[in-house]
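Here this note's numbering is used: the first residue of the sequence shown is 1, the next is one more, and so on.
In this text, a Cβ means the ideal position worked out from N, Cα and C, and glycines have one as well.
Computed from a prediction, not measured in an experiment: that's the story for all the values here.
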Amino acid sequence: MKQEWRVEALSPLGLAFVGDAIWEVYARQHCLNQGVRKPNDLHRLCTRYVSARAQANALAHLMPMLAEAEANVVRRGRNSKSAHVRRNVDVIVYRHSTGFEALIGHLYGSGQVERLEEIVREALAFLDEPEKELSK
Numbered sequence: 001m002k003q004e005w006r007v008e009a010l011s012p013l014g015l016a017f018v019g020d021a022i023w024e025v026y027a028r029q030h031c032l033n034q035g036v037r038k039p040n041d042l043h044r045l046c047t048r049y050v051s052a053r054a055q056a057n058a059l060a061h062l063m064p065m066l067a068e069a070e071a072n073v074v075r076r077g078r079n080s081k082s083a084h085v086r087r088n089v090d091v092i093v094y095r096h097s098t099g100f101e102a103l104i105g106h107l108y109g110s111g112q113v114e115r116l117e118e119i120v121r122e123a124l125a126f127l128d129e130p131e132k133e134l135s136k
């Protein structure tokens with residue numbers, strides 16, 4: 001799919017908006033690849049990857065391996081003030097998940113598909129580890 005917008009023209013929250021959708025597609029594909037087919041089971045499994053808490057935990061795992069420019073995108077996304085904060089999630093967790101989504105949106109929008117897929121693979125593998133207890 002060819003994007004029709006310039007990544008540098010988007011705000012960090014715009015990048016997060018796009019990144020949320022891209023991450024959701026990767027997570028759903030990952031769930032389908034695990035052989036899950038029932039819609040309710042798919043939904044339940046996918047929330048393990050797309051929840052704000054999961055994204056924040058994935059970001060914490062990824063931070064040491066990010067390039068400086070990528071870390072800057074994360075910081076800008078994390079520090080952006082959104083008018084909306086989910087009621088069921090801590091503000092800090094929500095902001096970190098926004099930073100994660102901004103990174104995904106930036107990599108997608110700038111055409112860095114190889115790096116995007118590397119980051120996605122690493123995040124999904126981390127979230128798949130059963131012994132990893134997601135922070136609460």
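Delimiting residues of the alpha helix (DSSP H) encompassing Ala56: Along the sequence shown, read from residue 1 onward, the residue named residue 56 stands at position 56. First-last of the alpha helix (DSSP H) with Ala56: 52-62.
Straight-line Cα distance separating Asn40 from Val73: Numbered from its first residue, the sequence shown carries residue 73 at position 73. Numbered from its first residue, the sequence shown carries residue 40 at position 40. Rounded to the nearest whole angstrom, the C-alpha separation of Val73 and Asn40 is 34 angstroms.
Spatial neighbours of Val110 within its chain, please: C-beta separation below 7 angstroms, excluding the five flanking residues on both sides. Counting from 1 along the sequence shown, the entry for residue 110 is found at position 110. Reading off the sequence, residue 110 comes out as Ser, not Val. Taken in chain order, the residues that qualify are Val7.
With Glu129 as the anchor, note down where its alpha helix (DSSP H) starts and where it stops. Locating residue 129 in the sequence shown gives position 129, counting from the first residue. No alpha helix (DSSP H) holds Glu129; DSSP gives it neither H nor E.
Nearest-angstrom Cα distance between Ala140 and Phe126? No information on residue 140 is available, as it lies outside the stretch 1 to 136 that the chain covers here.
Nearest CA to the CA of Met63: which residue from Gly19, Glu114, Gly99, His106? Translated into the one-based positions of the sequence shown, residue 63 becomes position 63. Selection Gly19, Glu114, Gly99, His106 evaluated against Met63 yields Gly99 as nearest (Cα-Cα).
Using a Cβ-Cβ distance cut-off of 8 angstroms, determine whether Val91 contacts chain D. In the displayed structure, chain D is absent; only one protein chain is listed.
Comparing alpha-carbon positions, which option in His96, His43, Asp20, Ala54 lies nearest Asp128? As a working note, residue 128 is residue 128 in the sequence shown. Comparing alpha carbon positions, the residue from His96, His43, Asp20, Ala54 closest to Asp128 is Ala54.
Can you tell me whether Gly37 is helix, strand or coil according to DSSP? For the purposes of this step, residue 37 is taken as the residue at position 37 of the sequence shown. Reading off the sequence shown, one finds Arg at residue 37, where the question assumed Gly. Reduced to three states, the DSSP call for Arg37 is coil.
Using CA coordinates, which residue listed in Glu122, Ala102, Pro130 is at the minimum distance from Ile22? Residue 22 sits at position 22 when you count from the first residue of the sequence shown. The candidate whose alpha carbon is nearest that of Ile22 is Ala102.
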